[in-house]
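Here's the structure we're looking at; comments come further down.
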DNA sequence: TTTCATTTTTGTAATCATTACAAATATATA
DNA sequence: TATATATTTGTAATGATTACAAAAATGAAA
Ligand SMILES: [Mn+2]
Ligand SMILES: [Mn+2]
Ligand SMILES: [Zn+2]
Ligand SMILES: [Zn+2]
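Protein chains in written order, with this note's numbering: chain G, 17 to 152; chain C, 17 to 152.
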């Protein structure tokens, strides 16, 4: 996570005007680190911003993804999730408790055979199974 | 791909009654190997089976997935794709031509640091970039 | 073969996430 | 202040998927 300073500045550094709503959405992502859906973000923020529209959440996340400060996490069908951590990392989903874990991996370890001369731009690694807390 | 014999037998081996529609759907997956969406399967098969319902495609694929003879490929948002190859393999999507490539990789190479004592049941690896045919 | 239960398929309606779009509001500039 | 531009909002439209009940097919008694 290359986010250190305050959120407004971080957005500006990435050529995004830091509106109140945008700051709130990014703040949510950074604070919670929970790979939320649009709905999760909306339900939480509408408490602070009663006039908030779900369209704004969609617009904002789209903008963040375009400016590469947020990445899309596509794990299960029909639930797009978002992540303020845009570094190369994978996700583990526990099939018992449903929790999503981040983990690091080395791209170089993947050693693909069939893809000689392909230019790999991005890797997405998603694992599922049982997390350590759900083991007997 | 552990599919050798005829499709009806293969379905029976997996405790699925081989109805005409089910055979056709599985046949499509095996013949095309194109990771199709529900709609692609429907549009093709409705030529053979004019009374075919899209619901049947959904039902059938759900059944196949439950019986583990078909796996779900979730790459882009809002397009669930299906694969009759349930062996461990990854997918590469070319961002120029859009084609989806299969490739093999070794699970043992993954050796994740942060996930000690986690039980990994399934891995999903998806890469994107430029395929060899689209390179200058 | 007829009867009856069970399974499968079909068609339609409902749901849910996402997008399109235009009006309203806020912000920036002259 | 006046005006242009950017952002937010609300509503309607779209599209994939699911729910559900009726129709059709299948399979096993009788
Ligand atoms: Mn993450
Ligand atoms: Mn495949
Ligand atoms: Zn768990
Ligand atoms: Zn290509």
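Just so it is clear, CB atoms sit at the ideal spot from N, CA and C, and this is done for glycine as well.
Length-filtered (3 minimum) beta strand (DSSP E) runs lying within the region 73-143 of chain G: 87-90, 96-99, 106-110 and 116-119
Out of G:67, G:133 and G:146, which has the shortest C-alpha to C-alpha gap to residue 147 (chain C)? Your numbering for residue 147 (chain C) matches position 131 in the second chain. Cα-wise, what sits closest to residue 147 (chain C) is G:133.
So residue 128 (chain G) contacts chain C; which residues on that side make the cut at Cβ distance below 7 Å? Here residue 128 (chain G) refers to the residue found at position 112 when the first chain is read from its first residue. Residues of chain C passing the Cβ test: 119 and 121.
Report the rounded CA-to-CA distance for residue 105 (chain C) versus residue 117 (chain C), giving the unit in angstroms. Sequence index remark: in the second chain, residue 105 (chain C) carries index 89 (1-based). Sequence index remark: in the second chain, residue 117 (chain C) carries index 101 (1-based). Each residue's Cα considered, the two are about 10 Å apart.
Beta carbons nearer than 8 Å to chain C: which residues of the region 129-143 of chain G have them? 129, 130, 131, 132, 133, 134, 135, 136, 137, 138, 139, 140, 141, 142 and 143
C-beta atoms of residue 30 (chain G) and residue 85 (chain G) nearer than 8 Å: One-based indexing of the first chain puts residue 30 (chain G) at position 14. One-based indexing of the first chain puts residue 85 (chain G) at position 69. Yes, these two residues count as a Cβ contact at 8 Å.
Minimum C-alpha distance to residue 39 (chain G) - residue among G:62, G:76 and G:52: Within the first chain, the letter at position 23 stands for residue 39 (chain G). The candidate whose alpha carbon is nearest that of residue 39 (chain G) is G:76.
Could you tell me if residue 71 (chain C) is buried or exposed, where buried requires 16 or more neighbouring beta carbons within 10 angstroms of its beta carbon? Along the second chain, one-based indexing puts residue 71 (chain C) at 55. Result: exposed.
Say whether chain G places a C-beta atom closer than 8 Å to the C-beta of residue 81 (chain C). The count along the second chain starts at 1 and reaches residue 81 (chain C) at position 65. Answer no: the Cβ-Cβ gap between residue 81 (chain C) and chain G never drops below 8 Å.
Under three-state DSSP, which class holds residue 71 (chain C)? Locating residue 71 (chain C) in the second chain gives position 55, counting from the first residue. DSSP places residue 71 (chain C) in helix when its eight states are reduced to three.
Count the other C-beta atoms from every protein chain shown that fall within 10 angstroms of the C-beta of residue 129 (chain C), then say buried if there are 16 or more, exposed otherwise. The sequence position of residue 129 (chain C) within the second chain is 113, counting from 1. With fewer than 16 Cβ atoms within 10 Å of its Cβ, residue 129 (chain C) is classed as exposed.
Quick one, which of C:152, C:149, C:151 and C:121 has its alpha-carbon nearest residue 141 (chain C)'s? Walking along the second chain from the start, residue 141 (chain C) turns up at place 125. Out of C:152, C:149, C:151 and C:121, C:121 has the C-alpha closest to the C-alpha of residue 141 (chain C).
Please decide whether residue 90 (chain G) counts as near chain C, where near means a Cβ-Cβ distance under 8 Å. Counted from its first residue, the first chain places residue 90 (chain G) at position 74. Answer yes: the Cβ-Cβ gap between residue 90 (chain G) and chain C drops below 8 Å somewhere.
What is the DSSP secondary structure of residue 57 (chain G), counted as helix, strand or coil? By one-based count along the first chain, residue 57 (chain G) stands at place 41. Looking at residue 57 (chain G) - three-state DSSP - the assignment turns out to be helix.
Does any C-beta atom of chain G lie closer than 8 Å to the C-beta of residue 53 (chain C)? On the second chain, position 37 is the one that residue 53 (chain C) refers to. By this cut-off, residue 53 (chain C) is not an interface position.
Could you give the DSSP three-state label for residue 32 (chain G): helix, strand or coil? On the first chain, residue 32 (chain G) is found 16 positions in, with the first residue counted as 1. Here residue 32 (chain G) sits in coil by DSSP.
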